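Here is the structure we will look at.
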């Protein structure tokens with residue numbers, strides 16, 4: 748065991764003494780092998796195999812900007828909006844950005860559709876955001892969304908019934924008007940016939 752570690756140290760010493768002796772013309776294969784050995788012993792084996800991937804600062808800045816500009820779409824439901832934000836936040840955290848749950852809560856509450864203004868105001872007045880979790884907020888907003896959707900559906904059904912009733916009333920009115928006109932025409936023709944018969948009798 749000791750001999751293998753000694754031989755490893757000797758190799759590294761040999762590498763260190765050999766690395767800078769490559770003149771660009773001779774012994775490239777040997778120089779490459781020794782250079783790889785030196786880098787692997789220093790913990791850079793993964794970089795040798797996969798290459799060095801430079802961190803893209805522009806992408807990080809774009810993600811930060813995307814987070815700042817993000818807001819709920821007019822027709823977007825709460826679950827989809829939370830998923831979109833959580834995905835972006837996860838990517839930002841993987842890139843080393845520090846985002847707290849409180850930051851995300853404030854972001855969501857400040858960018859919800861106007862349908863949720865009442866809820867946001869109520870939460871801001873009654874809840875402490877330091878104790879609230881994302882799951883708590885999502886549950887509150889989804890229950891409010893369900894109530895809004897049910898109310899909206901009820902309003903649509905009432906509007907549809909009103910339209911149907913109005914259409915039926917118009918049809919009834921039109922039908923009565925047509926019947927009255929036919930009756931007047933009939934009486935008019937009958938009256939003319941009686942008058943002409945009376946004239947002939949004279």
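Residue numbers (the numbering used here): 748 to 949.
From the three backbone atoms N, C-alpha and C, an ideal C-beta is built for every residue, glycine too.
Predicted model only: the values in this text are computed from it and were never measured.
In the structure shown, what three-state DSSP assignment does residue 819 receive?
-> coil
If you follow the alpha helix (DSSP H) that residue 864 is part of, which residue opens it and which one closes it?
-> 864-873
Local conformation of residue 879 per DSSP, three classes = coil
Looking at C-beta atoms only, is the number of pairs between the stretch 821-831 and the stretch 877-895 that lie closer than 8 angstroms three or more?
-> yes
C-alpha distance - residue 776 paired with residue 782, whole-angstrom precision | 10 angstroms
Per DSSP, what kind of secondary structure is residue 765 in: helix, strand or coil?
-> The predicted model places residue 765 with a pLDDT of 48, which falls under 50 and marks its position as unreliable, so this point remains unresolved.
Three-way DSSP call (helix, strand, coil) for residue 835 in this model = helix
Take residue 765 and list the residues in its own chain whose beta-carbon comes closer than 6 angstroms to its own, dropping the five residues that flank it on each side.
-> Model confidence at residue 765 stands at a pLDDT of 48, short of 50, so the residue's coordinates are unreliable and nothing is read from them.
Alpha-carbon to alpha-carbon, residue 794 and residue 773 | 26 angstroms
Count the C-beta pairs between the stretch 894-901 and the stretch 840-849 that are closer than 8 angstroms, then say yes if the count reaches three, no if not.
-> no
If we count the other Cβ atoms within 10 Å of its Cβ and call it buried at 16 or more, is residue 819 buried or exposed?
-> buried
Is the CB-CB distance between residue 876 and residue 913 below 8 angstroms?
-> no
Indicate whether residue 895 and residue 862 have their beta-carbon atoms separated by less than 8 angstroms.
-> yes
Quick one: using the 10 Å Cβ neighbour count with 16 as the cut-off for buried, is residue 816 buried or exposed?
-> exposed
Proximity below 8 angstroms, CB of residue 856 to CB of residue 870 | yes
Test item: CB-CB of residue 786 and residue 814 under 8 angstroms = no
Nearest to residue 881 by alpha carbon, out of 798, 792, 848?
-> 848
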